[in-house]
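Undergrad:
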Amino acid sequence: MTATIRIPASVDYPDRPAGSPSAAESLATTLLHGAASIIEFADEAAALSDIDTFWQGAASDAYAGHARGFAKSHQPMGETLKRVSRGVDLFAEQLRDLQSEHTTLSSIITSYERDRVALIVAVDIADDTDSAELQVLQERARTLSGHRSQIIADVTDFRSRTTANEEFLVRLFTSADTAAEAEAPAGGVDPIAALAILGMPLLFSDPKAMAKWWNGLSEAAQNAVIAAYPKRIGSADGLPAWARDKANRQLLGDDIAELTQKEADGLLSDEEKKRLENARATQKALKTADDYVMPGTDDHPGGTLWLYDPDAFDGDGRVAIAVGDLDTADDVSIQVPGITTEMADAPGYVQDAADLYESARYNGDGSSVATMFWLGYDTPEGAVDWDTITEGRAKDGGERLATAVDGLRASRPDSPAHMTAIGHSYGSTTTSYAAADHDLAVDEVALIGSPGAGPADSAADFSVGKDHVYVGRNSRDAVAFFGDEGWARKDWVEAGLGMDPSSENFDAHRFEAEAVNRGDHRNFDDHSRYYDRDSESLYNLGRIVDGHGSDTNSAAQSYDPWWRAAVDPESDRTPTADVPGRSDTGMNR
1 MTATIRIPAS VDYPDRPAGS PSAAESLATT LLHGAASIIE FADEAAALSD
51 IDTFWQGAAS DAYAGHARGF AKSHQPMGET LKRVSRGVDL FAEQLRDLQS
101 EHTTLSSIIT SYERDRVALI VAVDIADDTD SAELQVLQER ARTLSGHRSQ
151 IIADVTDFRS RTTANEEFLV RLFTSADTAA EAEAPAGGVD PIAALAILGM
201 PLLFSDPKAM AKWWNGLSEA AQNAVIAAYP KRIGSADGLP AWARDKANRQ
251 LLGDDIAELT QKEADGLLSD EEKKRLENAR ATQKALKTAD DYVMPGTDDH
301 PGGTLWLYDP DAFDGDGRVA IAVGDLDTAD DVSIQVPGIT TEMADAPGYV
351 QDAADLYESA RYNGDGSSVA TMFWLGYDTP EGAVDWDTIT EGRAKDGGER
401 LATAVDGLRA SRPDSPAHMT AIGHSYGSTT TSYAAADHDL AVDEVALIGS
451 PGAGPADSAA DFSVGKDHVY VGRNSRDAVA FFGDEGWARK DWVEAGLGMD
501 PSSENFDAHR FEAEAVNRGD HRNFDDHSRY YDRDSESLYN LGRIVDGHGS
551 DTNSAAQSYD PWWRAAVDPE SDRTPTADVP GRSDTGMNR
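Given below as structure tokens:
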């Protein structure tokens with residue numbers, strides 16, 4: 001009997017990766033603080049070299065030259081130590097993942113060995129004249145053999161990645177273990193990363209080219225490039241969100257450590273104060289995304305720092321933070337804000353993204369969701385501003401938005417998400433430019449609180465097609481009345497942001513977006529209520545994000561009878577928070 005049943009062999013347990021992730025992270029923090037001290041020291045030396053206002057002559061010149069040389073030599077040493085710190089932090093993260101995977105693999109092997117012993121016992125006691133029993137045992141052996149093959153493949157891959165992670169750490173330290181190496185421009189850069197980065201396309205290249213380059217790298221090379229060149233990776237459209245997130249978190253950690261230390265020493269410049277403010281706002285917003293758990297559930301989607309550029313636009317900054325996994329989510333939304341929005345405002349907008357996530361999931365069909373706040377363009381500075389009543393920044397922002405979406409698409413060509421762009425206020429004009437002039441690669445467009453749809457005369461002008469353009473307007477929202485209706489058109493004058501997208505002339509699908517606490521006349525407070533929890537607007541936005549825009553609660557379009565002011569039929573309707581699909585207490589609260 002035993003000769004006719006081929007029992008698969010045992011599987012050896014892999015060694016658990018040695019080391020302590022927490023200890024490695026502690027070392028990374030120590031190195032980062034050391035780097036900050038060296039860089040601060042170099043900055044001070046550079047500043048003190050310019051002292052000829054009160055000391056002149058040969059001694060002054062000699063001192064200034066020495067100070068400048070000192071600063072020049074210490075600056076790269078500080079940057080090298082910072083790169084090494086990032087690498088150690090990445091090693092720690094990989095080590096933690098590998099140790100967790102080792103536990104899982106060990107459990108799988110234990111289960112396999114238990115099944116193998118059970119099969120041996122069954123074979124030993126089987127009746128070798130019973131052909132039916134023989135077939136069952138043969139099938140069990142074949143299934144077990146296939147299971148073993150998969151385990152062997154997983155163990156081999158696990159050992160390979162463990163070795164690669166350890167070799168990465170060795171290369172990281174040996175690439176800058178002398179003063180000369182540390183002072184070199186590429187000090188502390190893993191040779192694998194230095195080689196890989198040579199093939200990286202320019203940052204403004206086609207996102208598909210960027211994705212192709214990235215996918216051609218080994219896992220070891222990808223990790224090495226993230227550690228060595230986080231600024232280039234963190235803003236590269238076309239790369240997977242997980243890679244950008246790792247890179248941008250490293251940049252954020254660097255800024256917090258370095259600038260906090262300089263702040264404590266009273267050495268922050270005005271530009272650095274703004275950068276630190278942006279970094280802290282990003283840190284707070286990212287914590288909101290990381291810590292978010294959908295109320296009433298165990299759903300903990302996690303956060304993604306997709307874009308981090310605190311110096312952009314003269315210190316206003318660029319940032320994009322998502323709630324959920326942008327690499328795998330079935331439904332993805334991009335929320336585009338309007339005037340006066342700066343990086344310091346990120347915490348509030350990320351909370352909006354979390355509330356939209358809840359709406360899409362709670363009222364949805366079970367699909368996975370990711371909702372991203374995207375501040376990737378230079379918003380106008382104030383409510384009464386030439387940039388606010390003209391479209392220059394919306395035009396630029398529309399092109400940037402279209403490129404960002406192309407990057408999201410390119411990063412996951414084999415599993416495209418259902419994608420929605422939501423433009424609020426001036427951000428709706430920006431989104432309109434992306435959809436009308438730059439073939440915005442989304443499935444749905446929603447405009448809320450819109451002062452005008454930019455270049456589009458009707459919903460049919462958008463790349464998504466008329467049936468996929470949605471508009472929400474609170475009848476008391478003063479900003480939403482800036483758009484043109486009927487015979488009054490922006491092209492008659494220099495200023496204006498375009499057609500009112502809630503109007504019958506524009507002919508988009510308008511959904512209910514009144515607030516239960518709306519004012520009794522037009523006001524600016526209602527302009528900021530579109531993401532309020534348990535609101536008509538948030539419910540309908542959730543349905544659109546989930547791919548069920550046809551199920552939104554429709555509202556009548558506004559119209560212009562030409563002989564008097566435009567009419568909004570929603571102004572006489574009583575708002576409600578009791579929308580379909582929710583309990584009496586709101587969205588699962």
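As numbered in full-length UniProt numbering, residues 1 to 589 make up the sequence shown, in order.
Glycine included, every Cβ here is placed at the ideal spot set by N, Cα and C.
(1) For Met587, which three-state DSSP category applies?
(2) Among Trp213, Asn278, Thr4, Ala264, which residue has its Cα nearest to the Cα of Ser131?
(3) Val350 and Ser425 look like a contact to me (Cβ under 8 Å); what is the Cβ gap, rounded to whole Å?
(4) Between Leu239, Leu32, Ser22, Ser235, which has its C-alpha nearest Leu217's C-alpha?
(5) DSSP three-state call for Met343: helix, strand or coil?
(6) Please report how far the alpha carbon of Pro8 lies from the alpha carbon of Arg148, in whole angstroms.
(7) Quick check: the segment 426 to 433 against the segment 335 to 343, are at least 3 beta-carbon pairs closer than 8 Å?
(8) List the whole-angstrom C-beta distance separating Leu202 from Val84, where the pair is believed to meet the contact cut-off of C-beta under 8 Å.
(9) Can you pull the DSSP bridge partners for His509?
(10) With distances taken from CA atoms, which of Lys208, His102, Arg142 is nearest Pro14?
(11) Kindly identify the DSSP beta-bridge partner or partners of Phe91.
(12) Which word fits Thr282, buried or exposed, when buried means at least 16 other C-beta atoms lie within 10 angstroms of its C-beta?
(13) If you measure between the beta carbons of Gly449 and Asn540, is that distance less than 8 Å?
(14) What residues in its chain sit with their C-beta under 6 Å from that of Ala488, if we drop five residues either side in the sequence?
(15) Hey, could you find the ends of the alpha helix (DSSP H) Thr328 is sitting in?
(16) My output table needs one value for Thr371: the three-state DSSP class, helix, strand or coil.
(17) What separation, rounded to the nearest whole angstrom, lies between the Cα atoms of Ser528 and Asp534?
(18) Expressed to the nearest angstrom, what Euclidean distance is found between the alpha-carbon atoms of Ala279 and Ser432?
(19) Would you list, in sequence order, the uninterrupted alpha helix (DSSP H) runs of no fewer than 4 residues that lie entirely inside the segment 234 to 266?
(20) Sorted by chain position, which residues of the same chain lie with C-beta nearer than 8 Å to Gly315's C-beta, five sequence neighbours on each side aside?
(21) Under the rule that 16 or more other beta-carbon atoms within 10 Å means buried, what is Ala264, buried or exposed?
(22) Roughly how many angstroms lie between the CA atoms of Asp290 and Pro301, to the nearest whole one?
(23) Exposed or buried, what is Lys82 when buried is set at 16 or more other beta-carbons lying within 10 Å of its beta-carbon?
(24) Which term fits Gly199, buried or exposed, when burial requires 16 or more other beta carbons within 10 angstroms of its beta carbon?
(25) How is the alpha helix (DSSP H) around Glu536 delimited, first residue to last?
(26) Alpha helix (DSSP H) containing residue 633: first to last residue?
(27) Going straight from the alpha carbon of Phe365 to that of Pro191, what length do you get?
(28) Could you check the C-alpha separation between Pro413 and Ala241 for me, to the nearest Å?
(29) What three-state label does DSSP hand Arg275 in the structure shown?
(30) Could you tell me whether the Cβ atoms of Ser502 and Ser558 are closer together than 8 Å?
(31) Could you pull the start and end residues of the beta strand (DSSP E) that His418 belongs to?
(32) I need the DSSP call for Asn517, collapsed to helix, strand or coil.
(33) Hey, quick one: how far does the alpha helix (DSSP H) through Asp157 stretch, first residue to last?
(34) Taking the beta strand (DSSP E) that Gly296 belongs to, which residues open and close that run?
(35) When we look at the beta-carbon of His521 and count the other beta-carbons within 10 Å, is it buried (16 or more) or exposed?
(36) Where Asn523 and Ala236 are concerned, what is the direct C-alpha to C-alpha distance, given to the nearest angstrom?
TA: For this structure:
(1) The residue you call residue 587 lines up with position 587 of the sequence shown. Only weak support is given to the placement of Met587: the predicted model assigns it a pLDDT of 47, under 50, and the value that follows is read from those uncertain coordinates. Three-state DSSP puts Met587 in coil, outside helix and strand.
(2) Position 131 of the sequence shown, counted from the start, is the residue given in the question as residue 131. Measuring C-alpha to C-alpha distances from Ser131 to each of Trp213, Asn278, Thr4, Ala264 identifies Thr4 as the nearest.
(3) Locating residue 350 in the sequence shown gives position 350, where the first residue counts as 1. Locating residue 425 in the sequence shown gives position 425, where the first residue counts as 1. No, Val350 and Ser425 are not in contact; Cβ-Cβ is about 17 Å, not under 8 Å.
(4) Taking the sequence shown and counting its residues from 1, one reaches residue 217 at position 217. Among Leu239, Leu32, Ser22, Ser235, the Cα nearest to that of Leu217 is on Leu239.
(5) Within the sequence shown, numbered from 1, the residue matching residue 343 stands at position 343. If DSSP states are grouped into helix, strand and coil, Met343 belongs with the helices.
(6) Start at 1 with the first residue of the sequence shown, and residue 8 comes out as number 8. Start at 1 with the first residue of the sequence shown, and residue 148 comes out as number 148. Per the coordinates, the alpha-carbon of Pro8 lies some 7 Å from the alpha-carbon of Arg148.
(7) They touch, by the three-pair rule.
(8) Position 202 of the sequence shown holds residue 202. Position 84 of the sequence shown holds residue 84. Incorrect: roughly 27 Å between the Cβ atoms, too far for contact.
(9) Numbered from 1 along the sequence shown, position 509 holds the residue referred to as residue 509. Tyr470, per the DSSP bridge assignment.
(10) Taking the first residue of the sequence shown as 1, we reach residue 14 at position 14. Of the residues Lys208, His102, Arg142, the one whose Cα lies closest to the Cα of Pro14 is His102.
(11) Here the question's residue 91 lines up with position 91 in the sequence shown. None, per the DSSP bridge assignment.
(12) Residue 282 sits at position 282 when you count from the first residue of the sequence shown. With 16 or more other Cβ atoms inside 10 Å of its own Cβ, Thr282 counts as buried.
(13) On the sequence shown, residue 449 is found 449 positions in, with the first residue counted as 1. On the sequence shown, residue 540 is found 540 positions in, with the first residue counted as 1. In this structure, Gly449 sits away from Asn540, with a CB-CB distance that is not shorter than 8 Å.
(14) Here residue 488 refers to the residue found at position 488 of the sequence shown. Residue placement at Ala488 is flagged as unreliable, the pLDDT there being 42, under the threshold of 50; a coordinate-derived value is accordingly withheld.
(15) Position 328 of the sequence shown, counted from the start, is the residue given in the question as residue 328. Careful: Thr328 lies outside any alpha helix (DSSP H) and carries neither H nor E.
(16) Position 371 of the sequence shown, counted from the first residue, corresponds to residue 371. Here Thr371 sits in strand by DSSP.
(17) For the purposes of this step, residue 528 is taken as the residue at position 528 of the sequence shown. For the purposes of this step, residue 534 is taken as the residue at position 534 of the sequence shown. Distance between the alpha carbons of Ser528 and Asp534: 14 Å.
(18) Position 279 of the sequence shown, counting from 1, holds the residue named residue 279. Position 432 of the sequence shown, counting from 1, holds the residue named residue 432. Ala279 and Ser432: Cα-Cα distance of roughly 30 Å.
(19) List check, alpha helix (DSSP H) in window: 241 to 264.
(20) What you label residue 315 is simply residue 315 of the sequence shown in a count that begins at 1. Glu271, Lys274, Arg275, Asn278.
(21) On the sequence shown, residue 264 is found 264 positions in, with the first residue counted as 1. Exposed, by the Cβ-count rule.
(22) Position 290 of the sequence shown, counted from the first residue, corresponds to residue 290. Position 301 of the sequence shown, counted from the first residue, corresponds to residue 301. When rounded, the distance between both Cα atoms is 8 Å.
(23) One-based indexing of the sequence shown puts residue 82 at position 82. Its Cβ being crowded by 16 or more others within 10 Å, Lys82 is buried.
(24) Translated into the one-based positions of the sequence shown, residue 199 becomes position 199. When all chains shown are included, Gly199 counts as exposed.
(25) The residue given as residue 536 occupies position 536 in the sequence shown. Unbroken alpha helix (DSSP H) run through Glu536: 536 to 545.
(26) Residue 633 lies beyond the residue range present for the chain, which begins at 1 and ends at 589; the question has no answer from this structure.
(27) Walking along the sequence shown from the start, residue 365 turns up at place 365. Walking along the sequence shown from the start, residue 191 turns up at place 191. One point to set straight first is that residue 365 is Asp, not Phe, in the sequence displayed. So the alpha carbons of these two residues sit roughly 48 Å apart.
(28) The residue you call residue 413 lines up with position 413 of the sequence shown. The residue you call residue 241 lines up with position 241 of the sequence shown. Taking the straight line joining both Cα atoms gives about 13 Å.
(29) Taking the first residue of the sequence shown as 1, we reach residue 275 at position 275. Three-state result, Arg275: helix.
(30) Taking the first residue of the sequence shown as position 1, residue 502 is located at position 502. Taking the first residue of the sequence shown as position 1, residue 558 is located at position 558. Their beta carbons are under 8 Å apart, which means Ser502 touches Ser558 by this criterion.
(31) For the purposes of this step, residue 418 is taken as residue 418 along the sequence shown, with counting starting at 1. 418 to 424 is the span of the beta strand (DSSP E), which, as asked, contains His418.
(32) As a working note, residue 517 is residue 517 in the sequence shown. Three-state DSSP puts Asn517 in coil, outside helix and strand.
(33) Translated into the one-based positions of the sequence shown, residue 157 becomes position 157. Residue range 131 to 174 is occupied by the alpha helix (DSSP H) that includes Asp157.
(34) Indexing the sequence shown from 1 puts residue 296 at position 296. Premise fails: Gly296 is in no beta strand (DSSP E) and is neither H nor E.
(35) Within the sequence shown, numbered from 1, the residue matching residue 521 stands at position 521. Only exposed fits His521, as fewer than 16 other CB atoms lie within 10 angstroms of its CB.
(36) Residue numbering aside, residue 523 sits at position 523 when the sequence shown is read from its first letter. Residue numbering aside, residue 236 sits at position 236 when the sequence shown is read from its first letter. Asn523 and Ala236: Cα-Cα distance of roughly 40 Å.
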